[in-house]
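Input: a single structure, listed below in structure tokens.
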Amino acid sequence: MKKRFCFRRGRGVACNNPKPSEYSNNNDSTIMKSPYFYKLVINRFLVGCVLVSIGILLAESSGGWDITNHLLNKPETFFSPPHIILYSGITVAIIGATIMFLHWRSYSTYVVSSRKGERDLELDLSIKLVITGVSMLILAGPLDFFWHSAFGLDGLLSPPHLILTIGMFAGSIGALIGIPSYILINSSSTGKEKRQNNNIDNFKNNERIAISIYTTVTIIGILPIWMSSSGLIYMFSLPFSDTEYYNFNLEPMTAATIATISFPFLISFILVSLFKLTTEIGNKKRKFGAMSVTGSIFIIIAIVTMMMPNKSLIPTIPFYVLNIIPIIIADIFLSKLPLKRMFIYTSGGILGSSFFMLYYPMITHIYNEVLSNQPVWPSLTAPIYFEMITQIYPLVVLPAVGGGILGTIVSNRLINRKN
Amino acid sequence: MNFDYSKIYNSIRRVNTITIIIIVIAIISLIIYYSLSIFFIPQLFFLSSSEVKSQPIITAAKLSTSEVVVGESFHLTITAMNNGDTADLQVVSLSFPNTTSINNIVKISKYNFTQKPVFIEIGDEVGSEYVGLDKVINAYYPGIEANSRPWYTGDYYQISIEVKPSSVGRFVIFVKTISLPHTSELDHYPKLGPKDYQGEFVAVYSVQVLNK
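Written as structure tokens, this is what we have:
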């Protein structure tokens, strides 16, 4: 008979295929059926999701810092500060994945024993994606070491880096799927409490706090997806993959086209999806703020990891901070204006059109290959970018607006299908 | 063609006042954002910023002796600094025009550059004419390049080499320092004198190698 490990307050108990009758005559059944235990399990599952998201966010942010570090200093040692933070982030993600896995097992066992086999399939999908993603993160380390040993210094696009970034992407999606699944499970048990609870005011206050927490964790969940997707697009568009043995740089026009279509789509898709998710969480009440906060965090991360290390870019920080304006406008359009297609698509178009400014300074390298192909020294990044913006932006703004609108359409369809 | 103005008027009336206010504010904000980002800030940047001007110089070049017996070694210590704005990269280059290989002749005794020095062999691709790898040529003779990136204003870096010539005659060493990006005549040292195969000015040091 197949044994399964059941987690019970620190003591491992081997239990065979559990049947309700087996639990009815011992103390385990009291604990396993206990609502307290059930809440503990799903709350800790949420903690696991959040840790995975934070770990991947940390790793992706330090990845951006590492690119800047390579451009500035060309570090010759593995133990550079960005690498240390990258691996710390991966460690946090592994810890989060472990917590998720252990509590998913307990939750599954609880569901089988008390709910006659009604499992949350999204929770299963969440854990599968997280495990897959984290496994890829772990695999990427030795693979990177092997690649360095065989082929010397690798560029941005290399098989180990691709595995690392795809792993982060998969893991972050898994963590995000786990968050609304948790909210759904928690909401159904909260609904029962509401019916039993006579103190409505107290309950409503608790509900408001819960919605704020859910919104915060959703923002934490979606940021690493935005960062890892941006990382994937950078891998195929930045010209940093020409090394001694291999040249993985794409043809400059192809790289620029990928950037022109993908970045606007991504910004719009991520932020509009976030808005829709937080609306669902908030009992279908549209609220201003989540998009603006997420955009602000993205801007802060870019400033800290890509601009502050390069002293010549520090004077351009005020220019970069202006990028919060289109995000706030889109947030206002979606939260305050009537929910008509015109306004929704306009928000997507506004978000998409800001891509050329939002992805400064790295985007300089992409379009420089097409335009002038001059060496982009760290001290010349800002002058080259500002020279380029008046020439390139008029050419890319329309496809960018189109990409932004497309991102909105896809996000709408995806969220509606999920509902 | 007759427009039904009443229909248009009624549809405008139906739109909430707050919606109109929000749309107007949004349009004004976006106009400000795009005009600042695409026109005014770039213009302001070019008006207010000045070109980075590094000034690499070799402050000391110390030869341990002017004559050496074949098989014995001498030392050359080069100290360089940046007297101007921070350079993204500054390189100190030593080349050996009258040898074909420095493998058993030259070794680095010490250095404090942020990057490990690189040995250049005949045929290796190197930059030329102060434009770095924009104009690549093949090395005519061996050399050593030591660089720091970035090289901050006022920073000193030093490299010492031990040379054990294997043949009698004049052993010549070319020394220069260049900062990149190279934007003016200030970005290299020396500023005049003989040029090497890369078309760049060099300072010449030599030691007479005598018979035993």
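Here the protein sequences line up with chains A and B, keeping their order.
Position one of the first sequence corresponds to residue 587 (my numbering), numbered consecutively onward.
Position one of the second sequence corresponds to residue 1286 (my numbering), numbered consecutively onward.
Ideal Cβ positions, reconstructed from N, Cα and C, are used throughout, including at glycine.
Three-way DSSP call (helix, strand, coil) for Val1337 of chain B in this model: coil
Sufficient close CB pairs (3 or more, under 8 Å) joining the region 1403-1419 of chain B to the region 1443-1462 of chain B: no
Cross-strand partners of Arg1455 of chain B (DSSP beta bridge): B:Gln1493
8 Å Cβ cutoff met for Ser1516 of chain B and Gln1375 of chain B: Summary: the structure shown does not reach residue 1516 of chain B, with chain B confined to residues 1286 through 1497, and so no result is reported for it.
Supposed close pair Ile1429 of chain B, Pro1402 of chain B - CB separation, criterion 8 Å: Going by Cβ atoms, the distance from Ile1429 of chain B to Pro1402 of chain B rounds to 5 Å, so yes, they are a contact pair.
For Thr1438 of chain B, three-class secondary structure by DSSP: Coil, per DSSP.
Chain B contact residues for Ala968 of chain A, given Cβ-Cβ distances below 8 Å: Phe1330, Ser1334
Rounded distance between the beta-carbons of Asn954 of chain A and Met1006 of chain A, thought under 8 Å: In this structure chain A extends from 587 to 1005, so residue 1006 of chain A is not present and cannot be described.
Identity of the residues DSSP links to Asp710 of chain A by a beta bridge: Answer is none; Asp710 of chain A lacks a bridge partner.
Beta-carbon proximity list for Gly675 of chain A, same chain, < 6 Å, skipping 5 on both sides: Gly641, Leu644, Ala645
contact_flag[the region 1356-1371 of chain B, the region 1435-1454 of chain B] where n(CB pairs < 8 Å) is 3 or more: In short, these stretches touch, since the Cβ pair count reaches three.
7 Å Cβ shell around Asn613 of chain A - same chain, five flanking residues per side excluded: Below a pLDDT of 50, predicted positions are generally treated as unreliable, and Asn613 of chain A, at 46, falls in that range; no measurement from the model is reported.
Closest Cα partner of Pro901 of chain A within the set B:Pro1327, B:Ile1387, B:Lys1480: B:Pro1327
Thr1362 of chain B - containing beta strand (DSSP E), residue span: 1359-1367
Cutoff 8 Å: Tyr979 of chain A Cβ touching any chain B Cβ: It does: the Cβ of Tyr979 of chain A has a partner Cβ on chain B nearer than 8 Å.
Validate contact between the region 849-863 of chain A and the region 988-1005 of chain A using beta carbons, cut 8 Å, 3 pairs: yes
Cα-Cα separation, Gly727 of chain A to Ser648 of chain A: Between Gly727 of chain A and Ser648 of chain A, the C-alpha separation is close to 15 Å.
Exposed unless 16 or more other CB atoms sit within 10 angstroms - verdict on Pro668 of chain A: By the neighbour-count definition (other C-beta atoms within 10 Å, threshold 16), Pro668 of chain A is a buried residue.
Residues near Pro964 of chain A in its chain [Cβ-Cβ closer than 7 Å; skip 5 each side]: The residues are Leu657, Leu658, Asn896, Ser898.
Run of the beta strand (DSSP E) containing Gly1412 of chain B, from where it starts to where it stops: Taken as a continuous stretch (DSSP letters only), the beta strand (DSSP E) holding Gly1412 of chain B covers 1410-1412.
Alpha carbon of Glu1414 of chain B to alpha carbon of Ile653 of chain A, nearest angstrom: 29 Å
When B:Val1391, B:Ser1445, B:Thr1385 are compared against Thr1364 of chain B, the one with the closest alpha-carbon: B:Ser1445
CA nearest to the CA of Val1448 of chain B, picked from B:Gly1417, B:Phe1398, B:Leu1348, B:Ile1303: B:Leu1348
Residue-chain proximity (Ser798 of chain A, chain B), Cβ-Cβ < 8 Å: Residue-level contact check: Ser798 of chain A does not touch chain B, since none of the beta carbons of chain B fall below 8 Å from its beta carbon.
Amino acids of chain A, ordered along the chain, whose beta-carbon sits closer than 7 Å to that of Val1337 of chain B: Ser965
Euclidean distance between Cα positions of Ala1345 of chain B and Lys1395 of chain B: 15 Å
Ser767 of chain A to Pro810 of chain A span [Cα, whole Å]: 18 Å
Chain B contact residues for Asn659 of chain A, given Cβ-Cβ distances below 8 Å: Thr1399, Arg1434, Pro1435
Contact set between Ile975 of chain A and chain B, taken where Cβ atoms lie within less than 8 Å: The contacting residues are Ser1322, Ile1323, Pro1327.
Phe861 of chain A - containing alpha helix (DSSP H), residue span: 838-867
Three or more C-beta pairs below 8 Å linking the region 1300-1311 of chain B and the region 913-925 of chain A: yes
Residue from A:Leu715, A:Met722, A:Phe732 whose Cα sits closest to the Cα of Gln759 of chain A: Just to set this straight, residue 759 of chain A is Ile in the shown sequence, not Gln. Ile759 of chain A has its Cα closest to that of A:Leu715, out of A:Leu715, A:Met722, A:Phe732.
Limits of the unbroken alpha helix (DSSP H) element including Gly934 of chain A: 927-939
Inter-residue spacing [alpha-carbon to alpha-carbon] between Thr1350 of chain B and Ser814 of chain A: 59 Å
Spatially closest choice to Pro904 of chain A from B:Phe1330, B:Val1416, B:Leu1315, by CA coordinates: Of the candidates B:Phe1330, B:Val1416, B:Leu1315, the one whose C-alpha sits nearest the C-alpha of Pro904 of chain A is B:Phe1330.
Own chain, CB closer than 7 Å to Arg1003 of chain A, minus 5 neighbours either side, in chain order: none
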